[in-house]
Amino acid sequence: MGSPTVSKIPWIDNVAAPVFEVDRESASLEMPLEVFEDSDPIWRSFIVGYFIGDASHVGTIHATVNRIWTPLNFKAKIDVQFIDKDMMVFHIENEALWTRITKHHYWNISDILLVVNEWSLETAATPPNLSAMPFWMDFKFVPGHLFSKVGLKAVSTHVGSFVKLHPQTERCTRLDAARLLLEVNLHKPLVESVQFEDQNGVLVKVVVSYPWLPSRCSICSRRGHTEW
39 MGSPTVSKIP
49 WIDNVAAPVF
59 EVDRESASLE
69 MPLEVFEDSD
79 PIWRSFIVGY
89 FIGDASHVGT
99 IHATVNRIWT
109 PLNFKAKIDV
119 QFIDKDMMVF
129 HIENEALWTR
139 ITKHHYWNIS
149 DILLVVNEWS
159 LETAATPPNL
169 SAMPFWMDFK
179 FVPGHLFSKV
189 GLKAVSTHVG
199 SFVKLHPQTE
209 RCTRLDAARL
219 LLEVNLHKPL
229 VESVQFEDQN
239 GVLVKVVVSY
249 PWLPSRCSIC
259 SRRGHTEW
């Protein structure tokens, strides 16, 4: 049997070609450093999205995201393609628009929750974690002496994991409720009230409401889709 073949191949853009050895079915490469330094991944302008529930028709999604994601008179359109029944790829060439959409992370598309991430081999293969989804919540009838970051975090302890206060609550520009961003587990029932005794032994009931949640199926009771 002959010795392994050492070859060079034509390359592009003035970058040295990899040197490789072929031994039976295996090829060993000596990769030029320029390949790693100058690499521009083709997926850089793509976003992967997961629908928490039954996604709408691709035409409806295409029209919706182009309406709510792109500014008025924006010429470039967002391309949409299904890669699974509840997973889509969005092609967004505008870098500023791509950044804004991925930073927002959670979107309501036709009453279905869409979770987006930058496209990569890792994110494309990893579905979103429904046990830690952030939602704004309104806490009504909170006693005045608990209307502080420490007090509100204590009141919300068994509702979800505290993330932050809403700017209106921090600036006291909204007086009917305290709005908090909490991470909750959508696989479990959501808390609708919190009860505790104050320092005088008086029972206090705080009502919890959710400005927006994914729709819930009347058949299976899971959130993210409705009965069709």
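Just so we're aligned: 144 in the working numbering is position 106 of the sequence shown, and the numbers increase by one with no gaps anywhere.
Just so it is clear, CB atoms sit at the ideal spot from N, CA and C, and this is done for glycine as well.
DSSP-derived helix/strand/coil call for residue i
{"i": "Lys243", "result": "strand"}
{"i": "Ala134", "result": "helix"}
{"i": "Ala170", "result": "coil"}
{"i": "Ile139", "result": "helix"}
{"i": "Leu152", "result": "strand"}
{"i": "Thr163", "result": "The sequence given here has Ala at residue 163, not Thr. In the structure shown, Ala163 sits in coil (DSSP, three-state: anything other than H, G, I, E or B)."}
{"i": "Asp122", "result": "strand"}
{"i": "Trp157", "result": "coil"}
{"i": "Ser256", "result": "coil"}
{"i": "Glu63", "result": "coil"}
{"i": "Lys46", "result": "With a pLDDT of only 47 at Lys46, under the threshold of 50, the placement of this residue in the model should not be trusted, and no figure is reported."}
{"i": "Gly40", "result": "A caution first: Gly40 carries a pLDDT of 48, below 50, which makes its placement in the model unreliable, though a value can still be read off. Three-state DSSP puts Gly40 in coil, outside helix and strand."}
Residue nearest to residue i in terms of C-alpha spacing, selected from the options
{"i": "Thr161", "options": "Met171, Leu241, Ile147 and Thr140", "result": "Thr140"}
{"i": "Phe84", "options": "Met69, Leu159, Pro252 and Ser64", "result": "Leu159"}
{"i": "His225", "options": "Phe120, Val201, Val232 and Pro252", "result": "Pro252"}
{"i": "Met171", "options": "Thr164, Phe185 and His143", "result": "His143"}
{"i": "Ile130", "options": "Asn155, Ile147, Ser231 and Asp122", "result": "Asn155"}
{"i": "Val201", "options": "Lys191, Ile121, Met125 and Ser64", "result": "Lys191"}
{"i": "Arg212", "options": "Ser66, Val222, Glu72 and Val180", "result": "Val180"}
{"i": "Leu110", "options": "Leu135, Arg209 and His95", "result": "Leu135"}
{"i": "Ser268", "options": "Gln206, Asn167, Leu71 and Ile121", "result": "Nothing can be reported for residue 268, as the shown portion of the chain is limited to 39 through 266."}
{"i": "Leu168", "options": "Val222, Ile106 and Thr137", "result": "Val222"}
{"i": "Asp122", "options": "Glu63, His95, Arg105 and Met69", "result": "His95"}
{"i": "Trp81", "options": "Ile106, Arg254 and Trp157", "result": "Trp157"}
{"i": "Cys255", "options": "Asp92, Pro165 and Ser231", "result": "Asp92"}
{"i": "Gly182", "options": "Cys210, Asp78, Phe112 and Ala65", "result": "Cys210"}
{"i": "Phe234", "options": "Gly97, Gly189 and Pro227", "result": "Gly189"}
Integer-rounded CB distance, given that residue j should sit under 8 Å from residue i
{"i": "Asp236", "j": "Val242", "result": "5 Å"}
{"i": "Phe74", "j": "Val103", "result": "Contact doesn't hold; Cβ gap of about 34 Å is too wide."}
{"i": "Ile116", "j": "Thr108", "result": "7 Å"}
{"i": "Lys184", "j": "Val193", "result": "The displayed chain sequence assigns Leu, not Lys, to residue 184. Right, their Cβ atoms sit about 6 Å apart."}
{"i": "Gln119", "j": "Met126", "result": "7 Å"}
{"i": "Trp250", "j": "Asn146", "result": "7 Å"}
Contact test: residue i Cβ vs the ligand FAD heavy atom, cutoff 7 Å
{"i": "Phe177", "result": "Annotation note on the ligand FAD: not contained in the displayed structure, which lists no ligands."}
Counting pairs of beta carbons, one from the segment 170-181 and one from the segment 210-220, are three or more of them closer than 8 Å? yes
Problem set entry | Three or more C-beta pairs below 8 Å linking the segment 190-207 and the segment 228-247 | yes
task = State whether the segment 145-161 contacts the segment 85-98, with contact taken as three or more CB pairs (one from each stretch) at a distance under 8 Å.
result = yes
*Which residue spans inside the segment 172-250 form an unbroken alpha helix (DSSP H) run of at least 4?*
187-193 and 205-208
Notebook entry, point to check: Counting only runs that start and end within the segment 72-116, where is the beta strand (DSSP E) found for 3 or more residues in a row?
Noted result: 84-90
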